[in-house]
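Everything on this sheet refers to the single structure shown next.
Residue numbers (our numbering): 641 to 782.
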C-alpha cells in the first residue's frame, strides 16, 4: 500500500547531500546506508504497512455494514432491546473509524517525517475515514 522501501527513504532523506556527490559516489553512499540501516527501516515500513492495512480492513468492514444498519434501525425502533443493540453497534463502528483514523495519522506522520509525500494508497485509505464517518452519520438516530 505504501510502496516504500529502505532505498527510497535513504535517498529522500539524504537528497541534499547526495546532490553534492558524483553519481557513482552517491549510489555507493546510498548502498552503504541501506546495508547499515535497511533492516531497521524495513521493520518500520512493515509495521506501518500493517497499521495501514488493519485500518483499511476496519474501514471496509464498517462501510460494508452501514446499509444493514440503516435498514435495521427502522425495524428495531419498536423493539427496545434491538434498539439498544443497534446503538451499541453504531458506537462500536464509530470507535473502529476513530481507531483507524489514529493509526493512519501515525502512518502519515512517520512517512512525512521521512520527507516522502503521502503515497496514493495511503491517501485512498485516509479518504475512507471521511467516507465511513459520513456514512455512519446517515444512520437515523432513535
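Ideal placement from N, C-alpha and C gives every residue a C-beta, glycine not left out.
The model shown is predicted, which means the values in this text are computed figures rather than measured ones.
Same chain only: Cβ atoms within 8 Å of residue i, ignoring 5 sequence neighbours per side
i: residue 661; result: 669
i: residue 776; result: 702, 706, 730, 733, 734 and 737
Bounding residues of the alpha helix (DSSP H) (the contiguous stretch that carries residue i)
i: residue 767; result: 760-776
i: residue 646; result: 646-653
Residue i - DSSP class collapsed to helix/strand/coil
i: residue 753; result: helix
i: residue 660; result: coil
i: residue 681; result: helix
i: residue 779; result: coil
Residues of its chain near residue i, where Cβ-Cβ distance is below 6 Å and the 5 sequence neighbours each way are ignored
i: residue 699; result: 740, 768 and 772
i: residue 743; result: 691 and 695
Test item: CB-CB of residue i and residue j under 8 Å
i: residue 709; j: residue 681; result: no
i: residue 643; j: residue 759; result: yes
i: residue 652; j: residue 753; result: no
message: I want to know whether the segment 643-662 touches the segment 692-701 - three or more CB-CB distances under 8 Å.
response: no
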